[in-house]
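To keep things clear, I will list the structure first and then write my remarks on it.
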Amino acid sequence: MERSTPEPRTSSARSIPSFLVPAAGLACVAIPHVSPALALAAGVALALSTGNPYAATTRALARRLLPVSVVALGGAMDLRVVAHVGARGVGYTFVSIAACLALGALLARAAHVEARTAALISVGTAICGGSAIAAVAPVVGADEHETSIALGAVFLLNSAALLVFPLVGHAAGLAEPAFGLWAALGIHDTSSVVGATLAYGPQALAVGTTVKLARALWIVPVTLAIGLVARRARGGGAASAARPPWFILGFVAVAALATFLPALRPAGLLAAEAGRRALVLTLFLVGLGLSRQALRSVGAGALAMAVALWLAVATATLAAVRTGLVHL
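Throughout the sequence shown, residue numbering follows this note's numbering, covering 605 to 932 in sequence.
Now the structure itself:
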């Protein structure tokens, strides 16, 4: 006689994350005092404890919400400041990206990390995390496993940065503009830059967002350059075209309306506040994307390389900001 599986217990266990995930997401949006760091931590805690039964849905929603949130934040920005920051930092941005890619290559050799995985980690650290990795992966011919390793390493460090950077910033006595500049240069993803600076203060948020978005524009030329090198290494063949970060154009458009049409400024500020709440929800959804399988997929060598590269970049940029070598 066959034994049947006790259905009530299985059904009850599955209903826990099925209820908690949407309830926690709603709380992140509805409760004003839920910080980006708390939302991220809540998502990670749920993912690693009860699991995420809506993994495919939450991943897709996070990808859609992030650009929308960034575009909405443009309503509180002054486009003249954005243009000034972007133009002033061209020289340092070029040098820092080149130095990060070179250091990444050296660390990859020391940690015995596969070349394509190392390239993805390096470009993600140098420019803007997951967006840069997604753009470069098809160009270098990275497979799904290599891309997952790079994204997993960057995700772990983004989560750490969101919590650690504000603590270090306060301990170092950084003013809000200085912290915003450091966060934009030392944190991988736009979402974590906005989350960390949002927790630090409004001036930090304004500076961090503008600097990071200006830096994200370098995805296109860097990806094209890497594609050219990869094509030559393969002896020809068409390299995939870089995917432009279109949401930046939306951010600039909204910022332009709020800057040059004063009557739209109040609406822009409302849109920016909605963007901040949407970003909190985005970080909760990002946290839900961390699974035990993702943690296991990031090998010790790749993680060691990613951590060493990130610490080097964060330390160097903090020193540059504090000494005035890099400033607005």
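Beta carbons: idealized from backbone N, C-alpha and C, even for Gly.
Determine the burial state of residue i: buried for a count of at least 16 other Cβ atoms within 10 Å of its Cβ, exposed for fewer.
| i | result |
| --- | --- |
| residue 928 | exposed |
| residue 792 | buried |
| residue 832 | exposed |
| residue 818 | buried |
| residue 806 | exposed |
| residue 707 | buried |
| residue 931 | exposed |
| residue 873 | exposed |
| residue 700 | buried |
| residue 862 | buried |
| residue 820 | buried |
How is the alpha helix (DSSP H) around residue i delimited, first residue to last?
| i | result |
| --- | --- |
| residue 909 | 904–926 |
| residue 704 | 694–715 |
| residue 868 | Segment: none, residue 868 is in no alpha helix (DSSP H) and carries neither H nor E. |
| residue 635 | Element bounds for residue 635: n/a, residue is neither H nor E. |
| residue 735 | 734–744 |
| residue 893 | Counting along the chain, residue 893 falls outside any alpha helix (DSSP H), and DSSP gives it neither H nor E. |
| residue 719 | 719–727 |
Answer yes if the stretch 778–785 comes into contact with the stretch 733–748, meaning at least three C-beta pairs across the two stretches below 8 Å, and no otherwise.
-> no
Tell me, please, whether the stretch 863–883 touches the stretch 659–666 by the rule of three or more beta-carbon pairs shorter than 8 Å.
-> no
Fully enclosed by the stretch 777–804, which alpha helix (DSSP H) runs are 4 residues long or longer?
-> 780–790 and 794–804
Do three or more CB pairs link the stretch 624–631 to the stretch 853–873 at distances below 8 Å?
-> Counting Cβ pairs under 8 Å, fewer than three are found: no touch.
Answer yes if the stretch 912–931 comes into contact with the stretch 673–688, meaning at least three C-beta pairs across the two stretches below 8 Å, and no otherwise.
-> Because the criterion of three Cβ pairs below 8 Å is not met, the stretch 673–688 and the stretch 912–931 do not touch.
May I ask you to verify whether the stretch 901–914 touches the stretch 756–768, counting CB pairs closer than 8 Å and requiring at least 3?
-> yes
Meets three-Cβ-pair contact criterion under 8 Å: the stretch 878–898 and the stretch 704–719 = no
Please determine if the stretch 708–717 and the stretch 733–742 are in contact, where contact requires at least 3 C-beta pairs separated by less than 8 Å.
-> Contact check between the stretch 708–717 and the stretch 733–742: fewer than three CB pairs, one atom from each, fall below 8 Å, which does not count as touching.
Please confirm if the stretch 787–803 is in contact with the stretch 628–647, defined as three or more CB-CB distances below 8 Å between the two stretches.
-> yes
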